[in-house]
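**Student:** In the working numbering, the protein residues as written are 174 to 304.
Shown below is the structure under consideration.
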Amino acid sequence: MDDLIAAAAAVRENAHAPYSGFRVGAAIRTPDGRVFAGCNVENVAYPEGTCAEAGAIAAMVAGGATRIAAIAVIADSPAPVPPCGGCRQKMAEFAAPDAPVRLATTSGEASDTTVADLLPGAFGAGHMDAR
Ligand code: THU
């Protein structure tokens with residue numbers, strides 16, 4: 174996971190966060206070992222901003238991959254920042270429930286969790302089977 178944290182910390186430097194001042198980086202490892210990274214990209218029309226996790230997922234899909242083996246997120250926060258609700262659902266789209274997630278701070282704190290712990294009772298394709 175250390176390499177994923179390093180990739181997330183590096184891409185965080187490119188975050189566009191002039192409105193919140195809160196820069197976030199995320200990095201995904203795919204099952205074949207490739208790493209894709211993303212940062213938050215804010216917009217003056219605030220709701221148009223995107224999270225670091227969404228950026229990393231977009232990079233992964235653009236790179237031709239659709240499975241997340243592990244994901245790391247880093248921010249300069251007093252405690253490891255939990256991903257927003259929308260990003261939890263986005264992760265669940267591409268990750269197994271037990272996929273590891275490491276949440277880290279730039280000062281070296283880290284907290285390990287999984288996609289299922291972040292999104293218990295996730296809505297999935299199976300919920301549409303009765304149509
Ligand atoms: N943000 C992320 O990029 N990921 C998270 O997990 C939490 C929040 C961003 C969105 C926004 O640009 C800024 O942090 C403040 O919410």
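Backbone N, C-alpha and C define an ideal beta-carbon position, used for all residues, glycine too.
Grab me the residues of Glu215's own chain with a C-beta within less than 7 Å of its C-beta, minus the 5 sequence neighbours each way, in chain order.
**Tutor:** Closer than 7 Å at the Cβ level, and outside the excluded window around Glu215, lie His189, Ala190, Pro191, Tyr192, Ser193 and Gly222.
**Student:** Could you give the DSSP three-state label for Pro255: helix, strand or coil?
**Tutor:** Three-state result, Pro255: coil.
**Student:** What number of angstroms, rounded off, separates the C-alpha of Val254 from the C-alpha of Thr278?
**Tutor:** For Val254 and Thr278, the distance between alpha carbons rounds to 8 Å.
**Student:** Pull every residue with its beta-carbon under 6 Å away from any heavy atom of the ligand THU, and keep them in chain order.
**Tutor:** Cβ atoms closer than 6 Å to the ligand THU belong to Ala190, Ser193, Phe195, Val197, Asn213, Glu215, Gly222, Cys224, Ala225, Glu226, Val246, Val254, Pro256, Cys257 and Cys260.
**Student:** Tell me the DSSP secondary structure of Leu291 in three-state form.
**Tutor:** Leu291: helix per DSSP, three-state reduction.
**Student:** What are the complete beta strand (DSSP E) segments, minimum 3 residues, inside the stretch 182 to 216?
**Tutor:** Counting only runs of 3 or more, we get 197 to 202 and 208 to 212.
**Student:** Are Gly211 and Ala227 close, meaning C-beta to C-beta below 8 Å?
**Tutor:** Against a cut-off of 8 Å, the Cβ pair of Ala227 and Gly211 comes out as a contact.
**Student:** Using CA coordinates, which residue listed in Ser250, Glu282 and Glu266 is at the minimum distance from Leu291?
**Tutor:** If we check each option's Cα against that of Leu291, Glu266 comes out closest.
**Student:** Considering just the uninterrupted stretch of the beta strand (DSSP E) at Ile244, what are its terminal residues?
**Tutor:** Ala243 to Ala248 is the extent of the beta strand (DSSP E) around Ile244.
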